[in-house]
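Undergrad: Residue numbers (this note's numbering): 2 to 101.
Quick reminder that beta carbons are idealized off the backbone N, C-alpha and C, glycines included.
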Amino acid sequence: MSEKTLTRMDLSEAVFREVGLSRNESADLVESVLQHMSDALVRGEQVKISSFGTFSVRDKAARVGRNPKTGEEVPIQPRRVLTFRPSHLMKERVAAGNKR
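1. To which residues does DSSP link Thr8 through a beta bridge?
2. Assign Ser51 to one of two classes, buried (16 or more other C-beta atoms within 10 Å of its C-beta) or exposed (fewer than that).
3. Taking its Cβ as the centre, do 16 or more other Cβ atoms sit within 10 Å of Val16, making it buried, or is it exposed?
4. Is Gly98 helix, strand or coil when you go by DSSP?
5. DSSP has Arg81 in a bridge; who is on the other side?
6. Can you check which of these residues, Asp60, Glu32, Met91 and Gln78, is closest to Gly45 by C-alpha distance?
7. By the three-class DSSP mapping on this structure, what secondary structure does Lys49 have?
8. What separation, rounded to the nearest whole angstrom, lies between the Cα atoms of Lys25 and Phe56?
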């Protein structure tokens, strides 16, 4: 598997090449999209990107965990977690990429 990571810079460079905006405008566009997505998630809304997947926030209840080293029980506080569920199309594309 590749160790490459897709970054904001890579996304803005792709927008620059594909759309033809200036580099600064491309970076601003990527930042704006990511900001809208994060704001929606903070408000508890789902972010659904067709043919890609759905980001959502889940509330997890408090529970008792266990320290694996000592076996001691430790309380885990309730929290909100971000989840991602890929679309069927994305799952198929990733699975097909593994066959190369």
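TA: Taking the structure as given:
1. Paired residues: none, contrary to the question.
2. exposed
3. buried
4. helix
5. Asp60
6. Asp60
7. strand
8. It is worth fixing the name first, because residue 25 is Asn in this sequence and not Lys. Approximately 27 Å, taken between the alpha carbons.
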